[in-house]
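Trainee:
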Amino acid sequence: MTDALTLPLPTSPPSAPTDRVVYAALSTDHYPWTEVLGDLAVRQKRGWSGVLDAVQGPRWARFVWLEGRLLGGFTVGGQALDWAVTLAGLPRARVTLSEAAPMICELLWACRAVSPRPLPTAWPQARDGLERALFSGLLVSGAACSFWNAGRIAGGDLPASGAGGQTYALGLEGDREALVGFWQDLLRTIHHSAPLDDAWRQVTTRLSEDHPCLDPFAREITLQRGQLTVDPGLPVEEWRPALYLALRETLVRVGVRLGDLPLGDLPARPEWLAAGLGRMGRA
44 MTDALTLPLP
54 TSPPSAPTDR
64 VVYAALSTDH
74 YPWTEVLGDL
84 AVRQKRGWSG
94 VLDAVQGPRW
104 ARFVWLEGRL
114 LGGFTVGGQA
124 LDWAVTLAGL
134 PRARVTLSEA
144 APMICELLWA
154 CRAVSPRPLP
164 TAWPQARDGL
174 ERALFSGLLV
184 SGAACSFWNA
194 GRIAGGDLPA
204 SGAGGQTYAL
214 GLEGDREALV
224 GFWQDLLRTI
234 HHSAPLDDAW
244 RQVTTRLSED
254 HPCLDPFARE
264 ITLQRGQLTV
274 DPGLPVEEWR
284 PALYLALRET
294 LVRVGVRLGD
304 LPLGDLPARP
314 EWLAAGLGRM
324 GRA
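Quick look at the structure:
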């Protein structure tokens with residue numbers, strides 16, 4: 044099997060945040076990899092969140108840390124990398140290290156294997172569609188990259204007026220089974236601590252005007268005693284934002300915060316961000 048970094052990789056990674064750069068395009072000819080790795084080990088012990096990009100010609104690698112934990116490394120197509128392959132494949136790299144907010148690190152990691160899709164319209168006309176769809180992921184336009192969670196901008200730079208772009212969106216149709224299972228586990232877990240049924244019924248009846256799939260008479264989405272069902276024919280882009288809004292409004296009605304509930308390992312699952320819950324969980 045060929046190591047990932049022995050392949051020609053003409054595609055660059057989506058832009059990393061540049062507002063808190065530690066060092067940029069630092070040559071490992073002058074600052075050896077041993078020094079870079081030593082610096083990273085110190086930062087990791089301090090609970091650091093950030094991104095390292097290493098580039099040598101057409102080859103690149105990206106490593107992401109979240110609050111002191113190395114999530115991992117990858118290259119084009121989300122191919123996993125470890126340090127041994129990276130150092131062997133990029134011995135004379137230029138290294139850029141950037142500090143970033145935890146949510147941005149989560150998004151960069153979660154989007155590592157997502158295929159880009161073109162924006163349907165130019166910026167800023169495309170913004171309304173992203174907000175209505177509660178878009179979570181990355182929006183890349185040239186050197187500008189913005190990070191989105193549930194239709195809100197979490198950081199980064201927006202496209203120039205009139206520019207096109209590409210989205211790296213979480214929670215698309217290919218993730219349907221895992222995402223439905225996650226929502227079922229989440230609502231069942233919440234229901235054990237804060238019964239949801241009555242508040243859910245009131246909230247979804249009100250929201251169904253804008254999100255018909257929540258209409259209790261249609262029964263495309265139902266919640267009974269904490270057990271969620273989603274009609275298998277319902278598109279992800281329709282039910283995902285509807286479930287997010289229904290949960291957010293239901294929690295407000297019952298007077299609890301998502302971040303205060305005993306959720307076990309649910310926030311660590313990859314579907315957490317795909318569901319748009321990164322911001323809600325910290326609210």
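The sequence shown begins at 44 in our numbering and counts up by one.
Glycine included, each C-beta is placed from N, C-alpha and C at the ideal position.
#1: If I follow the unbroken alpha helix (DSSP H) through residue 132, where does it start and stop?
#2: Flag this pair as touching only if the stretch 132–140 and the stretch 182–189 have three or more C-beta atom pairs under 8 Å; answer yes or no.
#3: When the Cα atoms are used, what is the spatial distance from residue 234 to residue 244?
#4: Quick one: residues in its chain with C-beta nearer than 7 Å to the C-beta of residue 121, no 5 flanking neighbours on either side, listed in chain order?
#5: Considering Cα atoms alone, identify which of 148, 203, 313 is closest to residue 166.
#6: Rank 287, 276, 108 by C-alpha distance to the C-alpha of residue 142 and give the top, closest one.
#7: Excluding five sequence neighbours on each side, which residues of the same chain lie with their C-beta closer than 8 Å to the C-beta of residue 288?
#8: Nearest-angstrom Cα distance between residue 112 and residue 93?
#9: Quick one: is residue 284 buried, meaning 16 or more other Cβ sit within 10 Å of its Cβ, or exposed?
#10: So, using beta-carbon positions, are residue 162 and residue 208 closer together than 7 Å?
#11: Tell me, please, whether the CB atom of residue 141 is closer than 7 Å to any CB atom in chain B?
#12: DSSP beta-bridge partners for residue 269?
#13: Return helix, strand or coil for residue 139, following the three-state DSSP convention.
#14: From the DSSP output, in three-state form, read off residue 66 for me.
Mentor: With the given structure in hand:
#1: Your numbering for residue 132 matches position 89 in the sequence shown. First-last of the alpha helix (DSSP H) with residue 132: 126–132.
#2: Because the criterion of three Cβ pairs below 8 Å is not met, the stretch 132–140 and the stretch 182–189 do not touch.
#3: What you label residue 234 is simply residue 191 of the sequence shown in a count that begins at 1. What you label residue 244 is simply residue 201 of the sequence shown in a count that begins at 1. In this structure, the CA atom of residue 234 is about 14 Å from the CA atom of residue 244.
#4: As a working note, residue 121 is residue 78 in the sequence shown. Only 155, 156 meet the Cβ criterion.
#5: On the sequence shown, residue 166 is found 123 positions in, with the first residue counted as 1. Comparing Cα positions, the closest option is 203.
#6: As a position in the sequence shown, residue 142 is number 99, starting the count at 1. Per the Cα distances, 108.
#7: Walking along the sequence shown from the start, residue 288 turns up at place 245. Counting only residues of its own chain and dropping the five nearest sequence neighbours on each side, residue 288 has a CB closer than 8 Å to the CB of 177, 250, 254.
#8: Looking up residue 112 in the sequence shown gives position 69. Looking up residue 93 in the sequence shown gives position 50. Taken atom to atom, the span from the alpha-carbon of residue 112 to that of residue 93 is near 10 Å.
#9: Against the sequence shown, residue 284 aligns to sequence position 241. Classification for residue 284: buried.
#10: Numbered from its first residue, the sequence shown carries residue 162 at position 119. Numbered from its first residue, the sequence shown carries residue 208 at position 165. By the CB criterion at 7 Å, residue 162 and residue 208 fall inside the cutoff.
#11: Judged by its chain identifiers, the structure shown contains no chain B, having just a single protein chain.
#12: Locating residue 269 in the sequence shown gives position 226, where the first residue counts as 1. Partner(s): none; residue 269 has no beta bridge.
#13: By 1-based counting over the sequence shown, the position of residue 139 is 96. Three-state DSSP puts residue 139 in a strand.
#14: Stepping through the sequence shown from its first residue, residue 66 is reached at position 23. It is a strand residue.
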